[in-house]
Amino acid sequence: MKKNLMFALICLILGSCGPEIYQSPSFSQIKDSHKVVAILPFEVTIESRKLPKGVTAEMVQDQQRDYGYGMQGDVYGYLLKQMSKDKYTVNFQDISKTNALLHDAGFSYEDLRLKSKDEVCQLLVVDAVVSGKATLSKPMSDGAAIAIGVISTAMGSGVWGNTNSVNTTITVHEGVAGDLMWKYDYEASGSIGSSRQSLTNALMRNSSKKFPYKKS
Numbered sequence: 002m003k004k005n006l007m008f009a010l011i012c013l014i015l016g017s018c019g020p021e022i023y024q025s026p027s028f029s030q031i032k033d034s035h036k037v038v039a040i041l042p043f044e045v046t047i048e049s050r051k052l053p054k055g056v057t058a059e060m061v062q063d064q065q066r067d068y069g070y071g072m073q074g075d076v077y078g079y080l081l082k083q084m085s086k087d088k089y090t091v092n093f094q095d096i097s098k099t100n101a102l103l104h105d106a107g108f109s110y111e112d113l114r115l116k117s118k119d120e121v122c123q124l125l126v127v128d129a130v131v132s133g134k135a136t137l138s139k140p141m142s143d144g145a146a147i148a149i150g151v152i153s154t155a156m157g158s159g160v161w162g163n164t165n166s167v168n169t170t171i172t173v174h175e176g177v178a179g180d181l182m183w184k185y186d187y188e189a190s191g192s193i194g195s196s197r198q199s200l201t202n203a204l205m206r207n208s209s210k211k212f213p214y215k216k217s
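With my numbering, letter number 111 in the sequence shown gets 112, and the count goes up by one each step, no holes.
Shown next as structure tokens:
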């Protein structure tokens, strides 16, 4: 009892302990009717107070888009491995089909954040969509870490130098009204000189424990 009280006090003082999870009260009934779920490119934001010489805003936008599609692929790959073990109650649409349908409909990466989730679900002919956001904060005011990231990615390493924090969110929206059904917030703090795949795997390892389509 005393340990639980102490833990609660520490959480209150620090502001939060562990990830934040939201699930709609109606999702337990709705999810049983879901058969196919699509995974969208992640919405990625790279924060830096100042860009270094030679790095343009367009370069950063290109990197955000590449990172967003990369995280989409990482999440799909992770879920496929879990599906092979029969851990989920739904199937996940192949992301090549997802992205082809979005492209044919004229939905660019930048357009997606402006579209309602029910509109996207209807276009993809799925019951729900998994989407996410990632915000990468860089500690150096001259933006040197971004330059490292751009150069590293161009060389194929996908390594992003040191960051102050990476805030990631993964969500599930149902396809009829586009309502938010489930949301998982995860923050990795400190010096993270790690690959995009490592970041996504960390997010999925933690969120998959509470993933709503997981078989009980």
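All C-beta atoms in this analysis are idealised placements derived from N, C-alpha and C, irrespective of residue type, glycine included. Remember, predicted model here, so these are calculated numbers, not experimental data.
If residue i and residue j are in contact, beta carbons under 8 Å, what's the gap, nearest whole angstrom?
i      : j      : result
Ala39  : Gln83  : Incorrect: roughly 16 Å between the Cβ atoms, too far for contact.
Phe212 : Gly133 : Their Cβ separation, rounded to whole angstroms, is 13 Å, which puts Phe212 and Gly133 out of contact at 8 Å.
Thr136 : Asn168 : 5 Å
Lys118 : His174 : 4 Å
Lys36  : Asn92  : 7 Å
Express the C-alpha separation of residue j and residue i in angstroms, rounding to a whole number.
i      : j      : result
Thr90  : Asp128 : 13 Å
Tyr68  : Ser27  : 33 Å
Lys51  : Gln62  : 14 Å
Gly176 : Glu120 : 8 Å
Thr57  : Tyr110 : 19 Å
Tyr185 : Lys54  : 37 Å
Arg206 : Arg66  : 23 Å
Ser217 : Ile22  : 18 Å
Ala106 : Lys86  : 34 Å
Phe108 : Ile96  : 15 Å
Going by alpha carbons, who is nearest to residue i out of the options?
i      : options                           : result
Lys98  : Leu115, Val126 and Lys116         : Val126
Glu188 : Ala178, Ser196, Leu204 and Val177 : Leu204
Ser138 : Arg206, Asp105, Ser49 and Ser29   : Ser49
Ala178 : Arg206, Asp186 and Cys122         : Cys122
Assuming contact is defined by CB atoms lying nearer than 8 Å, are residue i and residue j in contact in what I supplied?
i      : j      : result
Gln73  : Trp183 : no
Lys215 : Ser209 : yes
Leu102 : Leu81  : no
Val131 : Val76  : yes
Thr172 : Leu181 : yes
Leu41  : Leu115 : no
Ala71  : Arg197 : Just to set this straight, residue 71 is Gly in the shown sequence, not Ala. For Gly71 and Arg197, yes; Cβs fall inside 8 Å.
Gln64  : Ile47  : yes
Residue i CB to nearest chain D CB: under 8 Å?
i     : result
Ile40 : This model lacks chain D altogether; it includes just one protein chain.
At a threshold of 7 Å, does residue i count as lining the ligand ADP (C-beta to nearest heavy atom)?
i     : result
Ile31 : Among the components of this structure there are no ligands whatsoever, and the ligand ADP is therefore not found.
Runs of 3 residues minimum, wholly inside the segment 37-124: which ones carry the beta strand (DSSP E) assignment?
37-40 and 44-48
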